[in-house]
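Going left to right, the sequence shown walks through residues 7 to 64 as the working numbering numbers them. Ideal Cβ placement from N, Cα and C applies to all residues, glycine included. Owing to the predicted nature of the structure, the values given are computational and were not obtained by experimental measurement. Here is the structure we will look at, set down as structure tokens.
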Amino acid sequence: MGLGDKISNAAEDMGGKAKEAAGNATNNDRLKAEGQTDQVKADAKKVGESVKDEFKRD
Numbered sequence: 007m008g009l010g011d012k013i014s015n016a017a018e019d020m021g022g023k024a025k026e027a028a029g030n031a032t033n034n035d036r037l038k039a040e041g042q043t044d045q046v047k048a049d050a051k052k053v054g055e056s057v058k059d060e061f062k063r064d
């Protein structure tokens, strides 16, 4: 995984956490769900990049 990808995934994860926290604070279920979705997307990208990296090593 390249550095740019790591930064992008981390930013998406942090943004998702911020949205989720804002949704919790304002009792906004939609914003909370968007934040959780962003975090899941970031995690999926991290896994995909890790799998790619493993295949490159072999």
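How big is the Cα-Cα spacing for residue i and residue j?
i     : j     : result
Lys23 : Gln42 : 7 Å
Ile13 : Leu37 : 23 Å
Ala48 : Ala17 : 9 Å
Lys62 : Glu55 : 10 Å
Asn10 : Thr32 : Looking at the sequence shown, residue 10 is not Asn but Gly. Going by the C-alpha atoms only, they are around 33 Å apart.
Using C-beta distances below 8 Å, list every residue in its chain close to residue i, excluding the 5 sequence neighbours before and after it, in chain order.
i     : result
Ala27 : Gly41
Taking the beta carbon of residue i as the centre, do at least 16 other beta carbons fall within 10 Å, making it buried, or is it exposed?
i     : result
Lys58 : exposed
Asp35 : exposed
What does a CB cutoff of less than 7 Å around residue i pick up in its chain, not counting 5 residues either side in sequence?
i     : result
Lys52 : Asn15
Asp44 : Glu18, Gly21, Gly22, Lys25
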